[in-house]
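**Student:** Chains as they are written, first to last, in my numbering: chain A, 1 to 94; chain B, 1001 to 1408.
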Amino acid sequence: MKRKWPAGFKKWFADVSDIPEDIISDVPRITLIGRSRLSVENHKGIIAFSENELILSTQLGNLKVTGESFVLGTIIEKEIDLEGVITGISFIGS
Amino acid sequence: MRHWTGQAGGYLKAEITGNAPEKFLTLCAASDIRFWQVKRKNKNTLICFLTIKRPDQLKALLRESGCTIRIVNKKGFPFYWRKLKTRSGIIFGLFFFIAVLFILSNMVWAVQVSGADPKLEDEIRSILVKEHLYVGTLNFFVPDSGQLESRLSSQLNTVTWIGVSQEGTTYKVDVVQKKYPKQDDKPTGPRNLVAAKQAIIHSLFVETGQPVVESNQYVKKGQVLVLGKIGTDESPQFVSANGKVIGETWYQSQTVIPLKSRYSFYTGKSSTVHRLQIGPVSIPLWGLSQHPYRQFDKEIVRKPIRFLLWDLPVSYVRTQFREKNVSIRTLTQKEALEEAGKASEQKLMGSLPAESEIVSSSVESEKLEKGKLTVLSREIVYENIAQPQVIDLSREKKKSVSKQKAGR
């Protein structure tokens, strides 16, 4: 059974130990390559997907990616790849 | 993104329709179904590629998310295979092709005969056809190279050596023909004819030269029979003496004949077993491995099965049992004596030059010992005893000059 640590402790541990936060806690890691490729690790599921919009559920709330001609590349449990022209990335809600 | 790994397992291009197709994607990702190239078609529909391992799992997920799936396209090896199964023509054609290739790989494509003149080559080929070796026959029916060699050499008497070898689909027959010395038509130099062995002259046929012996004269080995020097002593001429001098010669020979001799002969009955040998395992194909013969010769022919350039580890083995009878021949002393006479004459004729003639033969003594008859016989033979001997011209000239000097 995975032990649940308080979120504040995880953040503190990440700061102290210099280990990236996404490894310790379940926060998403978002990588953007130019304007055409975006990969999100540690997501919690797809909420909406269309040509111009992708909404992903994450630990920190919903992540909204906007742009044009979106195509989803590989989808595996923890990771998602997006191709297309990306115009904006924003978090909505909490 | 290309997914060659997906090709081996087979993948689908599908349209997913429902109120929330994204939910289906999330569920699928959680249960390890791979997706790629996901596109939105309209409000309710997504187009995607996905691998499918368990169709029942997919159905459960569809029900849970309230979506329906429509398969647009099937790709990958398993689907090709399924499609191929319904087209039996292709499968049949493929097997037919392999079978034809297989038969052609085991066919004899050429028989090369080298070292034989056209007449002998024709003879060899006709013998080979009788032994089932010709262009277009299957290799399995061809006897062993060793057997072919022995059969060829027993039927051909103008051959000193014969070798049969197989190189892939080609049989090579190498022949060394007996060479007879060519008739020497070159003019020979001055020569005498001398006696090759001691004899009594029976008759002389002299073409050129001067005979110096007469009929019924006894001559020693090396004695001059016909002189190549003609003309007077003062002005001699030298010619090449030519002719036949038939002399009476004597031979003594000893022959041993056993009174009892065993010999075997084939009765003509045979039984053949065909087997297929795969590694150490031998599978009988045809024929009884139990043979009813008490005495027999066993002949095994092993042919590796070939495919294109390679010998497969499978070979075809044909075992032939040939019944033989062994019988014992008993001769009386008189019969044995007759046999001995024939044998000794035959042996003598073999060692004499052609055109010789055995005039008479007489038994000198016969001795029976341990079932063997030893016969000592004497033969009188008429044969050509003339042998050329070259005249040394310079010496002859000197001799004649010194004679002339002495004469003065």
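Just so you know, even glycine gets a beta-carbon here, dropped at the ideal spot from N, CA and C.
1. Do you know how far the Cα of Glu-1396(B) is from the Cα of Glu-1214(B)?
2. With a cut-off of 8 Å on the beta carbons, I'd call Ile-1200(B) and Glu-1248(B) a contact; round off their distance for me.
3. Is there a Cβ of chain A sitting closer than 9 Å to that of Ile-1048(B), yes or no?
4. Report back the beta-carbon spacing between Asn-1192(B) and Gly-1163(B) to the nearest angstrom; my notes put them in contact at under 8 Å.
5. Just verifying my parser: in three-state terms, what is the DSSP assignment at Glu-1323(B)?
6. Mind checking the region 1270-1288 of chain B against chain A and listing, in chain order, the residues whose C-beta falls within less than 7 Å of any C-beta there?
7. Please report the residue range of the alpha helix (DSSP H) in which Ser-1080(B) lies.
8. Would a C-beta distance cut-off of 9 Å place Ser-1154(B) and Trp-1161(B) closer than the cut-off?
9. Considering Cα atoms alone, identify which of His-43(A), Trp-5(A), Phe-49(A) and Glu-77(A) is closest to Thr-1045(B).
10. I'd like to know whether the C-beta of Leu-72(A) is nearer than 9 Å to at least one C-beta of chain B.
11. Using 8 Å as the Cβ pair cut-off and three pairs as the minimum, do the region 33-43 of chain A and the region 52-67 of chain A touch?
12. Quick one: what does DSSP say Val-1301(B) is sitting in, helix, strand or coil?
13. Kindly indicate if chain A contains any beta-carbon less than 9 Å away from that of Asp-1056(B).
14. Which two residues bound the contiguous alpha helix (DSSP H) that contains Gln-1057(B)?
15. Identify the residues that DSSP records as bridge partners of Gly-1107(B): which are they?
16. Counting C-beta neighbours from all protein chains within 10 Å, is the total for Ile-1124(B) 16 or more, i.e. buried, or is it exposed?
17. Quick one: does Thr-1068(B) have its CB under 9 Å from some CB of chain A?
18. Within 10 angstroms of the Cβ of Phe-948(B), are there 16 or more other Cβ atoms? Answer buried if so, exposed if not.
19. Going by C-alpha distance, which of Gln-1166(B), Val-1175(B) and Ser-1150(B) is nearest Thr-1421(B)?
20. Please confirm whether Arg-46(A) has its beta-carbon closer than 9 Å to some beta-carbon of chain B.
21. Enumerated in chain order, which unbroken segments of the beta strand (DSSP E) with a length of 3 residues or greater are wholly contained in the region 1205-1241 of chain B?
22. Using 9 Å as the threshold, is the C-beta distance between Ile-1257(B) and Glu-1339(B) below it?
23. Take the Cβ of Asn-1325(B) as the centre, count every other Cβ of all protein chains shown within 10 Å, and call the residue buried at 16 or more, exposed below.
24. Looking only at DSSP bridge pairs, what is His-1274(B) linked to?
25. Would DSSP call Pro-28(A) helix, strand or coil?
26. Please name the residue or residues paired with Asp-1311(B) in a DSSP beta bridge.
27. Specify the secondary structure class of Ser-1154(B) as computed by DSSP and reduced to three states.
28. Considering only residues of the same chain and omitting the five flanking positions on each side of Gly-1371(B), which have a CB-CB separation below 7 Å?
29. Measure the beta-carbon distance from Ile-1016(B) to Ile-1069(B) and round it to whole angstroms, keeping in mind my assumption that it falls under 8 Å.
30. Which residue or residues does DSSP assign as beta-bridge partners of Asp-81(A)?
31. Run the CB neighbour count on Ala-1099(B), radius 10 Å, all protein chains shown included, and call it buried at 16 or more, exposed below.
32. At the level of alpha carbons, what is the spacing between Leu-1342(B) and His-1202(B)?
33. Would you call the CB atoms of Ala-1195(B) and Gln-1223(B) closer than 9 Å?
**Tutor:** Answer, in terms of the structure:
1. 25 Å
2. 5 Å
3. According to the sequence provided, residue 1048(B) is Cys. The question's Ile does not apply to it. Cys-1048(B) counts as touching chain A.
4. Contact doesn't hold; Cβ gap of about 46 Å is too wide.
5. strand
6. none
7. Correcting the residue type first, residue 1080(B) is Tyr in the shown sequence and not Ser. Unbroken alpha helix (DSSP H) run through Tyr-1080(B): 1077-1086.
8. no
9. Phe-49(A)
10. yes
11. yes
12. strand
13. no
14. 1055-1065
15. One detail in the question is off: residue 1107(B) reads as Met in this sequence, not Gly. Beta-bridge pairing links Met-1107(B) to Leu-1138(B).
16. buried
17. no
18. As displayed, chain B neither begins before 1001 nor continues past 1408, which places residue 948(B) out of reach and without an answer.
19. With chain B covering 1001 to 1408 only, the question about residue 1421(B) has no answer from this structure.
20. Per the sequence shown, the amino acid found at residue 46(A) is Ile instead of Arg. True, the Cβ-Cβ gap to chain B drops below 9 Å.
21. 1224-1227, 1229-1231 and 1236-1238
22. yes
23. exposed
24. Trp-1286(B) and Arg-1318(B)
25. coil
26. Arg-1306(B)
27. helix
28. Pro-1258, Leu-1259 and Lys-1260
29. 6 Å
30. Ser-39(A)
31. exposed
32. The question names Leu, but residue 1342(B) is Lys in the sequence shown. In a straight line, the C-alpha of Lys-1342(B) is about 25 Å away from that of His-1202(B).
33. yes
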